[in-house]
Amino acid sequence: MRNFRDHHLLNILETFDESTLPLDVFLSKFFREHKSIGSKDRAYICERIYLLIRWKSLIDESCSYPLSWEKRLEVIQKESIEALQTNTKLPKETRCSFPKFLFDQLERSLGSEKAFKFCIDSNQSAPLTIRCNPSKISRDMLFDLWSSLYPIKKTEESNLGITFSKRINFFQLKEFKEGFFEVQDEGSQLVALCVKARHGDHVLDFCAGSGGKTLAFAHKMDGKGQIYLYDIRSHALAEAKKRLKRAGIQNVQILDKEKLKKNGMKGRMNWILLDVPCSGTGTLRRNPDMKWRYKENTVENLVEEQRKIFEQSLKYLAPNGKIVYATCSVLKEENEDQVEFFVKTYNLNLEETFKSVPSTATMDGFYAATLSKKSS
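Here is the structure:
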């Protein structure tokens, strides 16, 4: 007979197989609907679920057919992942538990050795990092406020980040409600800081989502100039509006398709941030279910979409303006190859690039390239 925890764990996994929701959203919804599951039980269930999904294809090698989540759970109750990995007869992609076609793409981008390490690192837990809001508090002040309460350290590359070594409910903290910080990976912070906006600039966040990267660079403008947030997802922009209000950022306009057309913005933007839809390969530690949902033509379709979005956004760039093209991918097809295409197709300068790859206890994988128009 299944115990209480395993009953719910298997129920979640079997139901999740039929869902289109991301795993973290699905779990949050499930626990809201099952309040009888206490915090310790939730922690156990989540830890097991993420382990099973991250290492699914490796675990399957020790399961009998037909495969099931119950059989997979029995395997990890008897054997550690480290022990399963010692079978060197298994293909590399199985030992690191990635789909073969995706592993092949990673090998082409990173090389064989780095691709294998990337996959192993992507199967670990991601760090918990926040970014302080310098418009309201300095990082040093926030760090001093928390240092006696939580195990924390300052991020090494971003001068705004603090990393927690234990999970806490950030959203219940008074400091969060007062807009002192947002949860944001260090790599994402560094991408946002590639937008070197100044007082009086006009900045367009063209694929703004819920405004995470705008929140990270807005303080540079000191309320002077204008930031425009555009996205085709109205629910994301509604969330951005709440976050911007909490952070105290007022020099912002939220744009839908109609407002974007009517605003007379063509050729006026000093900066455009283009955080395009991508494979998300750099953030698979947070979304391990995504690697099993990829199709072989996923990246090919994304590359086409990214090029369309880039062309759409470029018409808003001022003659001396700069555009930051960004992804949370580590694949060359979405990063270096795309930038090479943009430079040649639109006669642009490549000014600088930023790149990070996930590794234990550090930032996720991101890419950003700053581009500008060549002088006539």
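Following the working numbering, the numbering of the sequence shown begins with 399 at its first residue and continues without gaps.
Note that beta-carbon positions come from the ideal geometry of N, C-alpha and C, so glycine has one too.
These figures come from a predicted structure and were not determined experimentally.
Handout entry: Length at least 4, wholly inside the segment 440 to 477: the alpha helix (DSSP H) runs in chain order
Key = Here the runs fully enclosed are 454 to 458 and 467 to 476.
Problem - For A636 and L671, believed in contact at Cβ under 8 Å, the rounded distance - result: Taking the first residue of the sequence shown as 1, we reach residue 671 at position 273. Taking the first residue of the sequence shown as 1, we reach residue 636 at position 238. Actually they do not touch by this definition, with Cβ atoms about 20 Å apart.
Exercise for the section: Would you kindly work out how many angstroms separate the C-alpha atoms of L465 and D458, rounded to a whole number? Expected result: Position 67 of the sequence shown, counted from the first residue, corresponds to residue 465. Position 60 of the sequence shown, counted from the first residue, corresponds to residue 458. Straight-line measurement puts the Cα of D458 at about 7 Å from the Cα of L465.
Practice task
Count the other CB atoms, across all protein chains shown, that sit within 10 Å of the CB of I443; report buried if there are 16 or more and exposed otherwise.
Solution key: Counting from one through the sequence shown, the residue named residue 443 turns up at place 45. Result: buried.
Handout entry: Pick from N567, R529, K551 and Y548 that is closest to G559, judged by C-alpha positions
Key = Here residue 559 corresponds to residue number 161 of the sequence shown, with the count starting at 1. Ranking the options by Cα distance to G559, first place goes to R529.
Handout entry: Separation of F739 from A481, as counted between CA atoms
Key = One-based indexing of the sequence shown puts residue 481 at position 83. One-based indexing of the sequence shown puts residue 739 at position 341. Spanning the two alpha carbons is a distance of roughly 45 Å.
Practice task
Excluding the 5 residues preceding and the 5 following F424 in the sequence, name in chain order all residues of the same chain whose CB lies nearer than 7 Å to its CB.
Solution key: Translated into positions along the sequence shown, residue 424 becomes position 26. So the qualifying residues of the chain are F414 and S417.
Problem - Contact the segment 741 to 754 vs the segment 493 to 510: 3+ CB pairs below 8 Å - result: Too few Cβ pairs lie closer than 8 Å, so no.
Exercise for the section: Ignore the nearest five residues each way along the sequence and tell me which others in A766's own chain have a CB closer than 6 Å to its CB. Expected result: As a position in the sequence shown, residue 766 is number 368, starting the count at 1. So the qualifying residues of the chain are V589, C592, V722, A724 and F752.
Problem - Inter-residue Cα distance where the pair is D654 and S632 - result: Against the sequence shown, residue 654 aligns to sequence position 256. Against the sequence shown, residue 632 aligns to sequence position 234. Rounded to the nearest angstrom, the two C-alpha atoms are 8 Å apart.
Exercise for the section: Using the DSSP secondary-structure output, state which residues sit across from K572 in a beta bridge. Expected result: Counting from 1 along the sequence shown, the entry for residue 572 is found at position 174. Residue pairing from DSSP leaves K572 without any beta-bridge partner.
Problem - Contact check, A616 vs N668, beta carbons under 8 Å - result: Indexing the sequence shown from 1 puts residue 616 at position 218. Indexing the sequence shown from 1 puts residue 668 at position 270. Not closer than 8 Å, so no.
Handout entry: Delimiting residues of the alpha helix (DSSP H) encompassing K490
Key = Mapped onto the sequence shown, residue 490 falls at position 92. Start and end: K490 to R493.
Exercise for the section: Please go through the segment 552 to 597 and give each complete alpha helix (DSSP H) segment of 4 or more residues, from N-terminal end onward. Expected result: Counting only runs of 4 or more, we get 572 to 575 and 584 to 590.
Problem - Minimum Cβ-Cβ distance from E477 to chain D less than 8 Å - result: Going by chain labels, chain D is absent from the structure shown, which holds only one protein chain.
Exercise for the section: Measure the beta-carbon distance from S678 to G577 and round it to whole angstroms, keeping in mind my assumption that it falls under 8 Å. Expected result: Counting from one through the sequence shown, the residue named residue 678 turns up at place 280. Counting from one through the sequence shown, the residue named residue 577 turns up at place 179. Residue identity check: residue 678 is Gly in the sequence provided, not Ser. 27 Å between Cβ atoms; not a contact.
Handout entry: Proximity winner among S437, F516 and K469, relative to G680 (alpha-carbon distances)
Key = Position 282 of the sequence shown, counting from 1, holds the residue named residue 680. Ranked by Cα distance from G680, the first of S437, F516 and K469 is F516.
Exercise for the section: Determine the burial state of Q704: buried for a count of at least 16 other Cβ atoms within 10 Å of its Cβ, exposed for fewer. Expected result: By 1-based counting over the sequence shown, the position of residue 704 is 306. With 16 or more other Cβ atoms within 10 Å, it is buried.
Problem - Between the CA atoms of V728 and V755 - distance to the nearest angstrom - result: For the purposes of this step, residue 755 is taken as residue 357 along the sequence shown, with counting starting at 1. For the purposes of this step, residue 728 is taken as residue 330 along the sequence shown, with counting starting at 1. Distance from the CA of V755 to the CA of V728, rounded to the nearest whole angstrom, comes to 7 Å.
Exercise for the section: State buried or exposed for T758, treating a residue as buried only when at least 16 other CB atoms are found within 10 Å of its CB. Expected result: Translated into positions along the sequence shown, residue 758 becomes position 360. So T758 ends up on the exposed side.
Exercise for the section: Return the chain-ordered list of same chain residues with a C-beta closer than 7 Å to the C-beta of F579, the five sequence neighbours on each side being excluded. Expected result: As a first step, residue 579 is located in the sequence shown; it is residue number 181 there, counting from the start. Excluding the 5 residues flanking it on each side, F579 has same chain C-beta neighbours closer than 7 Å at I528, R529, C530, N531, L540 and E573, in chain order.
Handout entry: C-beta atoms of R666 and D762 nearer than 8 Å
Key = As a working note, residue 666 is residue 268 in the sequence shown. As a working note, residue 762 is residue 364 in the sequence shown. For R666 and D762, no; Cβs fall outside 8 Å.
Problem - Residues near I707 in its chain [Cβ-Cβ closer than 6 Å; skip 5 each side] - result: Mapped onto the sequence shown, residue 707 falls at position 309. Here I707 has V674 as same chain residues with Cβ atoms under 6 Å from its own Cβ, once five neighbours each way along the sequence are excluded.
Handout entry: According to DSSP, residues forming a beta bridge with H600
Key = The sequence position of residue 600 within the sequence shown is 202, counting from 1. Residue pairing by DSSP places H600 opposite Q624 in a beta bridge.
Handout entry: Classification of A638 by the beta-carbon crowding that lies within 10 angstroms, buried from 16 upward
Key = Position 240 of the sequence shown, counted from the first residue, corresponds to residue 638. Result: buried.
Handout entry: Closest residue to P717 among N685, M663, C726 and W690 (Cα-Cα distance)
Key = Sequence index remark: in the sequence shown, residue 717 carries index 319 (1-based). Relative to P717, the option among N685, M663, C726 and W690 whose CA is nearest is M663.
Exercise for the section: Can you have a look at F569 and say buried or exposed, based on whether 16 or more other CB atoms are within 10 angstroms of its CB? Expected result: For the purposes of this step, residue 569 is identified with residue 171 of the sequence shown, where counting begins at 1. In this structure F569 is exposed. Its beta-carbon is surrounded by fewer than 16 other beta-carbon atoms within 10 angstroms.
Practice task
Report the rounded CA-to-CA distance for M619 versus E555, giving the unit in angstroms.
Solution key: On the sequence shown, residue 619 is found 221 positions in, with the first residue counted as 1. On the sequence shown, residue 555 is found 157 positions in, with the first residue counted as 1. Within the model, the alpha-carbon separation for M619 versus E555 is close to 21 Å.
Practice task
Spell out the partners DSSP gives E750 in its beta bridges.
Solution key: Reading the sequence shown from its first residue, position 352 is the one you call residue 750. According to DSSP, E750 bridges with T768.
Handout entry: For V741, the residue or residues it bridges with in DSSP
Key = The count along the sequence shown starts at 1 and reaches residue 741 at position 343. The beta-bridge partner set that DSSP reports for V741 is empty.
Problem - Buried/exposed call for E584, threshold 16 Cβ in 10 Å - result: Looking up residue 584 in the sequence shown gives position 186. Label assigned to E584: buried.
Practice task
May I ask you to verify whether the segment 490 to 501 touches the segment 469 to 478, counting CB pairs closer than 8 Å and requiring at least 3?
Solution key: Two segments are said to touch when three or more pairs of C-beta atoms, one from each, lie closer than 8 Å; by this definition the segment 490 to 501 does not touch the segment 469 to 478.
Problem - Coarse secondary structure for N485, derived from DSSP in three states - result: Looking up residue 485 in the sequence shown gives position 87. In this structure, N485 counts as coil in the three-state DSSP scheme.
Handout entry: Other residues of its chain near L504: CB distance less than 8 Å, five sequence neighbours each side excluded
Key = The residue you call residue 504 lines up with position 106 of the sequence shown. Within the same chain, L504 has close Cβ partners F496, A513, F516, C517, T679, V728 and L729.
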